[in-house]
Every structure is written in structure tokens, then in C-alpha cells.
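Letter by letter, the sequence shown follows residues 24 to 341 of our numbering.
Cβ atoms here follow ideal geometry from the backbone N, Cα and C, with glycine treated the same way.
Remember, it's a predicted structure, so these values are computed and weren't measured experimentally.
Notes follow once the structure below has been shown.
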Amino acid sequence: MKLFFLSFFMMATALYAQDKDLFQIDVTGRIQGWDQGSTATAPAEQNLKGVLRVDGWVNVTPDGCLRVASRLATGDKFNNEWVNTGIGDSEASMNLALRQLYISSSCLKNITVDVGAAPVRRHGTLGLSESGYVDGINIVIDEEGAGRNWIISVGAVGGEPNLFKRDYDEINHASVQVKQEITKEHAAFVAVAKYKETMFTRGGISWALSKYSKWLKETGAEVLFADEHMLGGIVYAKFAVKNWTNTFSIAKITPDVNSDEKAGFLMKQFYGYGTNVYFEANRKVNDRMNLDFRVRLGDAGTRVQAGFTLKFGVRKRR
24 MKLFFLSFFM
34 MATALYAQDK
44 DLFQIDVTGR
54 IQGWDQGSTA
64 TAPAEQNLKG
74 VLRVDGWVNV
84 TPDGCLRVAS
94 RLATGDKFNN
104 EWVNTGIGDS
114 EASMNLALRQ
124 LYISSSCLKN
134 ITVDVGAAPV
144 RRHGTLGLSE
154 SGYVDGINIV
164 IDEEGAGRNW
174 IISVGAVGGE
184 PNLFKRDYDE
194 INHASVQVKQ
204 EITKEHAAFV
214 AVAKYKETMF
224 TRGGISWALS
234 KYSKWLKETG
244 AEVLFADEHM
254 LGGIVYAKFA
264 VKNWTNTFSI
274 AKITPDVNSD
284 EKAGFLMKQF
294 YGYGTNVYFE
304 ANRKVNDRMN
314 LDFRVRLGDA
324 GTRVQAGFTL
334 KFGVRKRR
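In C-alpha cells, the structure reads:
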């Protein structure tokens with residue numbers, strides 16, 4: 024992977040000269056009790072799972088417009104960072120791998136460019152999971168005056184989270200996404216992506232409601248197509264009750280997908296096939312801890328999770 028070796032070389036150069044530069048390391052740890060009801064394809068599951076994620080970056084230039092960034096995370100799938108602790112009815116497992124290593128440049132006004140094993144950048148919910156990666160290039164253009172944001176990505180995606188085990192000989196993914204502010208309360212986006220020979224099209228709209236209600240924050244909807252095949256859709260509402268931030272969603276994802284379609288819309292693992300109802304709640308305890316709760320009911324089976332997230336970081340200024 025030529026892009027990987029380029030990123031590695033730049034990181035080594037940055038570390039050599041970083042005594043005058045700013046760097047930051049952010050650590051996120053998650054622990055959740057997991058209760059999964061039995062389905063036609065999977066038995067019941069009760070266990071304790073965890074996530075460890077380390078995001079770091081170091082500046083190459085004194086002004087910080089060019090940096091090298093990386094992500095080390097648990098999980099053995101593109102869209103999954105969870106591992107089993109061994110407490111419950113599943114055996115302990117630990118998968119820890121470098122998922123991302125890339126150069127990020129914001130030296131041009133309103134344009135950010137990522138090159139290497141880069142993060143997934145997206146508008147909406149039903150596209151590639153933000154736990155994954157694009158081995159290639161991202162270009163983000165923010166037209167602030169027009170209320171428009173573009174995301175252009177070209178590279179390779181696949182199922183292997185470990186950067187050192189990935190070796191792609193050809194580009195298999197390209198996408199263009201644009202989000203447009205319609206009014207101060209309304210925004211819409213359209214995303215077109217090609218994975219191998221399959222064309223994916225997504226579109227959605229969101230409506231900010233905080234102007235009209237103290238507790239209801241936002242509502243929206245999104246649909247996803249593979250060629251002419253509708254893969255799914257989701258409607259959601261975000262609201263706040265006291266110190267809890269909540270999301271209620273209803274999603275329908277078709278189980279009738281081929282292998283390319285399934286690989287081309289890898290989204291977060293909590294979404295299952297069929298029609299399902301979701302409820303997620305999070306409460307910020309302090310600057311380092313959040314309480315987390317979520318439940319799924321529907322065709323994919325009942326799943327309940329509850330736990331907490333811890334975050335801390337190290338930041339050094341020049």
C-alpha cells in the first residue's frame with residue numbers, strides 16, 4: 024500500500040521534529056452489559072462487552088494545517104469495535120489493530136484533504152460506518168457562505184480492520200456527498216457512491232426543532248438505494264429530557280441483499296435487517312464520563328445495552 028508507506032514516512036518525519044509542535048492523544052473506553060434475544064439466525068446472548076479507541080495526531084507544520092493522524096481500536100470488523108470480556112456466555116476475545124494512519128491538510132481555505140488509511144467522512148446515517156476507513160483520499164469542501172458542504176472520497180474499503188493486513192491492488196470505492204442548508208432549521212443531503220459495479224444512492228433531510236420546543240431538538244429521514252434496489256430507510260427524532268440526550272428511530276433494512284450490496288453499505292452494527300425500533304439515551308456525567316443506554320425491538324431481535332463511556336486526553340502545546 025503506497026499510501027500507507029507515505030503516511031508512515033510523514034509520521035516519522037513529524038515525530039522527529041515534534042519538539043516544537045502540538046500533538047494530542049484521545050482515549051475512549053466503553054463498557055456495556057449486552058442482552059441479545061434469540062433469533063432465527065442467532066442464539067440468545069448475555070455478556071459484557073467493551074471498546075477501546077485511541078485517536079492521536081501530531082502537527083507537521085507550526086501553524087497546524089498539516090498533521091499526521093491515526094486510530095488504534097478494538098474490534099474485528101469494519102463496522103464493529105466491540106470485544107468480549109469473557110463475562111457472560113461468550114468467550115473472551117481481544118482484537119486490537121491500527122485502523123487509520125493518514126496525512127490531513129487544511130492549509131487551503133475551506134478545504135480539508137486526508138490521504139492514507141483515512142477516516143470515513145459522511146452525511147447521514149446509512150452509509151459506511153464511521154468505525155471504518157477509506158484507503159485512499161478524502162476531500163472536504165466547506166462553502167460556508169452558501170451553507171454547503173461537499174465530501175469526495177476515492178479509495179478502497181473492505182472487511183479487514185487491521186491496516187497491516189490490508190493490501191488492495193485496485194480502487195473499489197468512490198463517492199460524492201453534498202449537504203445543503205435550506206433554511207436555518209432545514210438541511211438536505213444527497214450521496215452517490217460506487218462500490219465495485221454497484222451504484223449506491225442516499226438522500227435525507229433534517230429539521231432542527233429547538234426553535235419551537237425546549238426538549239425536541241431534531242427530526243429527519245433518510246433512504247438508501249443500490250442501483251434500483253431500495254436497501255432501506257430510517258426516520259428519527261432527537262430530544263432532550265433533563266440531562267439525557269435521546270434518539271428514537273424506526274428503520275427498515277431489507278435482508279434481500281447480495282454480497283456487493285452488503286459490503287457497500289457497512290453501517291454501525293446495531294442496525295439489523297427487517298423493521299426495527301431503536302431508542303438510545305446518553306447522559307453526560309462530567310467531562311470524562313457518559314452513561315449510555317440503547318434498546319432495539321423488531322425483526323432483528325431484541326437487544327438491550329447499558330453501560331458507560333470514559334474519555335480522557337493528553338494535549339501538549341508548543
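Taking only the alpha-carbon atoms, compute the straight-line gap between residue i and residue j and give it to the nearest angstrom.
i    : j    : result
K217 : N161 : 15 angstroms
I205 : R144 : 21 angstroms
N185 : V83  : 25 angstroms
A274 : Q123 : 29 angstroms
V157 : R94  : 13 angstroms
D393 : I54  : Beyond the ends of the chain as shown, which are 24 and 341, falls residue 393; an answer cannot be given.
A65  : S128 : 44 angstroms
To the nearest whole angstrom, what separates the beta carbons of residue i and residue j, a pair I think is in contact under 8 angstroms?
i    : j    : result
R225 : A211 : The Cβ separation is near 11 angstroms, so there is no contact.
G56  : Q328 : 7 angstroms
T62  : A323 : 7 angstroms
Using a 10 Å radius around the Cβ and a threshold of 16 neighbouring Cβ atoms, would you call residue i buried or exposed?
i    : result
S30  : With a pLDDT of only 49 at S30, under the threshold of 50, the placement of this residue in the model should not be trusted, and no figure is reported.
I134 : exposed
S236 : exposed
L254 : buried
H146 : buried
W238 : exposed
L131 : exposed
N281 : exposed
M33  : Here M33 scores only 49 on pLDDT, less than 50, and its place in the model is too uncertain to base an answer on.
P142 : buried
Is the separation between the beta-carbon of residue i and that of residue j shorter than 8 angstroms?
i    : j    : result
R76  : A92  : no
G159 : S176 : yes
Q47  : R338 : yes
V74  : G60  : no
A263 : T242 : no
G181 : Y191 : yes
N299 : R319 : yes
Quick check on DSSP: helix, strand or coil for residue i?
i    : result
G226 : strand
L232 : coil
F262 : strand
F331 : strand
K237 : coil
S128 : strand
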